[in-house]
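Shown next, in structure tokens, is the structure this report addresses.
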Amino acid sequence: MTDDVLTPDQLDSIRDRVRALMPQVRADLEALTRIPSVSASSFDQSEVTRSAEAVAALLRAEGLDVEIVVEGGRPAVIGHVDGPEGAPTVTLYAHHDVQPPGDEADWDTPPFEPTERDGRLYGRGAADDKAGVMAHVAALRAHSGDLPVGLTIFVEGEEESGSPSLETILAKHGDRLAADAIVIADSTNWAVGSPALTTTLRGGVRVVVTVRTLDHAIHSGMYGGVAVDAVTALVRLLSTLHDEQGAVAVTGLDESVAADLDYDEARFREESGLLDETQLIGTGSILSRLWTKPSITTIGIDATSIDKASNTLAAKAAAKISMRLAPTQDPAAAFERLKEHLESHAPWGARVEVSLEESGSGFAAHADGPAYDQARASFADAWGTDPVDIGVGGSIPFISSFVERFPDAAIIVTGVEDPDTRAHGANESLHLGEFEKVCTAEAIFLARMGALHTP
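This note's numbering applies: residue 244 is where the sequence shown begins, and numbers increase by one.
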């Protein structure tokens, strides 16, 4: 790890500046969090526009040349400021849209009213990913008037909806985002007090499988016992996706072994909320099951609801299936393997149709070189302990688009979250102490990158 680029006095000065900035950074974060910028189409999209305008105002206030970009989707914000002549360039990514809040009854406090409890700031988007936006702003403010690098900040407005217009944005505006290093602030750290760089992400495939057994619903007493209802056939079909140990039974999928970090069953149970009597599924190390092996989850079912059920055999039922993929897996090939499995395991001759809803590639970084050295050193400077390289079981499909569009850039994936953040769920929260360290690390990273340049 490189530790001689900045002097101790320079590091202390950056830490002090960030610490002094944090009250205003937090106030601005809370203001962003109050905007319900849910990019799902069933929500008020004027709030996403309002959020983009708020982000643009924050960047303009720091002297960036800013444009709100709309290319057939939700508004993104691109801001840029030149650095010293010949200095490296850095692009900082985050997104300002958020997930739906879900049932507000599940929240201890209103989801769009940020509230502090026990050192954590609760609210939808308080962590994912408006804290990522404000980490970039904090790093920019820490170098106000003396930026050591050329800097572009790109804040997307539809990441939580699958980034449908990102390819068009990259095609039309990609030259403005090119950089020596691209920092993507949309991931997590290993634990509170333990920073991490995310070097692998799983890909994903989401499908809808529809099962039909009848051309119309019929009386369960008159025909049951001979004709099979579609719900029973669907349940039988879904059960074939895993073996007796709960491992994925679809053949021909990639898998590999994860990094050997200390992560036991007790920690998994605590972080996941798994009930005491519920067993773990799958084989291999827990981290391999989470990071580098495929997983299959049924995330939704269409069938007659209990309160509207009558004594009939259902003619049709459907399920939405989310399959996470090893970082190296081609999602198109994985979809074909899943489709073949479902069609070949149709129970009792049921008619099975499989439609692809969404897919995305994984990410496996070649995490070495000067930019990665400086990133790791910056984390050590901010936390006082070396970072670890981790995988993440979730998917960030747009990263593969960045890798393809900017093959010579160091793609550095990090973030503000920790294992108790509960991103996408009720009571999402940000650890405020860790957030200051994230801001400090990013400010130091910009200084370290700039110090590599000799005028």
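Even for Gly, the Cβ is constructed at its ideal location relative to N, Cα and C.
Every value quoted in this text rests on a predicted model; they were computed, and no experiment measured them.
Measure the C-alpha to C-alpha separation of Val376 and Ile564 and round it to an integer number of angstroms. As a first step, residue 376 must be located in the sequence shown, where it is residue number 133. As a first step, residue 564 must be located in the sequence shown, where it is residue number 321. Cα to Cα, the separation comes out at about 32 angstroms.
If we count the other Cβ atoms within 10 Å of its Cβ and call it buried at 16 or more, is Met244 buried or exposed? As a working note, residue 244 is residue 1 in the sequence shown. Residue confidence for Met244 is low, a pLDDT of 44 falling below 50, so the modelled location carries little weight; the figure read from the coordinates is stated next. Counting other Cβ atoms within 10 Å of its Cβ, Met244 stays below 16 and is therefore classed as exposed.
Identity of the residues DSSP links to Thr395 by a beta bridge: Walking along the sequence shown from the start, residue 395 turns up at place 152. Beta-bridge partners assigned by DSSP to Thr395: His323 and Thr334.
Whether Ala501 touches Ser531 by CB criterion (8 angstroms): The residue given as residue 501 occupies position 258 in the sequence shown. The residue given as residue 531 occupies position 288 in the sequence shown. Contact flag set, yes.
Return the bridge partner residues of Thr555 from the DSSP annotation. By 1-based counting over the sequence shown, the position of residue 555 is 312. DSSP links Thr555 through a beta bridge to His462.
For Ile427, report the span of its beta strand (DSSP E) as first-last. In the sequence shown, the residue the question calls residue 427 occupies position 184. Counted as a single uninterrupted DSSP element, the beta strand (DSSP E) harbouring Ile427 occupies residues Ala424 to Ala428.
What is the DSSP secondary structure of Arg269, reduced to helix, strand or coil? Working through the sequence shown from its first residue, we reach residue 269 at position 26. Reduced to three states, the DSSP call for Arg269 is helix.
Pull up the distance between the alpha-carbon of Met265 and that of Asp616, whole angstroms please. Numbered from 1 along the sequence shown, position 22 holds the residue referred to as residue 265. Numbered from 1 along the sequence shown, position 373 holds the residue referred to as residue 616. C-alpha separation (whole angstroms): 26 angstroms.
CB-CB under 7 angstroms to Leu556, same chain, minus the five flanking residues each way: which ones, in chain order? Locating residue 556 in the sequence shown gives position 313, counting from the first residue. Excluding positions up to five away in sequence, the list reads Leu457, Ala460, Ile461, Ser463, Tyr466, Gly467, Ala470 and Asp472.
Within the same chain, show all residues whose beta-carbon is closer than 8 angstroms to that of Asp429, passing over the 5 residues directly before and after it, in chain order. On the sequence shown, position 186 is the one that residue 429 refers to. Within the same chain, Asp429 has close Cβ partners Tyr336, Ala337, His338, Asp371, Asp372, Gly375, Glu402, Ile639, Val656 and Gly658.
With DSSP run on the structure shown, which of helix, strand or coil describes His584? If you number the sequence shown from 1, residue 584 lands on position 341. Secondary structure at His584: helix, using DSSP grouped into helix, strand and coil.
From this set, Val451, Gly676 and Thr483, which residue's C-alpha is nearest His584's C-alpha? Walking along the sequence shown from the start, residue 584 turns up at place 341. If we check each option's Cα against that of His584, Thr483 comes out closest.
Inter-residue Cα distance where the pair is Thr299 and Gln522: Within the sequence shown, the letter at position 56 stands for residue 299. Within the sequence shown, the letter at position 279 stands for residue 522. The amino acid occupying residue 299 in the given sequence is Ala; Thr does not appear at that position. Near 48 angstroms, if we compare the C-alpha coordinates of Gln522 and Ala299.
Could you give the DSSP three-state label for Ser548: helix, strand or coil? In the sequence shown, counting from the first residue as 1, residue 548 sits at position 305. DSSP places Ser548 in coil when its eight states are reduced to three.
Determine the closest residue to Glu520 out of Arg512, Gly527 and Thr526, with distance taken between C-alpha atoms. On the sequence shown, position 277 is the one that residue 520 refers to. That would be Arg512, whose Cα lies nearest to the Cα of Glu520.
Can you name, in chain order, every residue of its own chain whose Cβ lies under 7 angstroms from the Cβ of Pro613, other than the five neighbours on each side? Here residue 613 is taken as the residue at index 370 of the sequence shown, counted from 1. Non-local C-beta neighbours of Pro613 in its own chain, meaning closer than 7 angstroms and more than five positions away in sequence, comprise Leu695, ordered along the chain.
Return the bridge partner residues of Glu660 from the DSSP annotation. Stepping through the sequence shown from its first residue, residue 660 is reached at position 417. Residue pairing by DSSP places Glu660 opposite Thr431 in a beta bridge.
Give a yes or no on whether the C-beta atoms belonging to Val261 and Ala546 are separated by under 8 angstroms. Translated into the one-based positions of the sequence shown, residue 261 becomes position 18. Translated into the one-based positions of the sequence shown, residue 546 becomes position 303. No; because the gap between Cβ atoms is not below 8 angstroms, this pair is not in contact.
Please report the distance separating the alpha-carbon of Val451 from that of Ser282. Translated into the one-based positions of the sequence shown, residue 451 becomes position 208. Translated into the one-based positions of the sequence shown, residue 282 becomes position 39. It is roughly 22 angstroms from the alpha-carbon of Val451 to the alpha-carbon of Ser282.
What did DSSP end up calling Leu689 once you bin it into helix, strand or coil? Within the sequence shown, the letter at position 446 stands for residue 689. Here Leu689 sits in helix by DSSP.
Going by the beta-carbon positions, is the gap between Pro590 and Arg455 smaller than 8 angstroms? Indexing the sequence shown from 1 puts residue 590 at position 347. Indexing the sequence shown from 1 puts residue 455 at position 212. The answer is no: Cβ separation not under 8 angstroms.
Three-state secondary structure assigned by DSSP to Leu673: Position 430 of the sequence shown, counted from the first residue, corresponds to residue 673. Three-state result, Leu673: strand.
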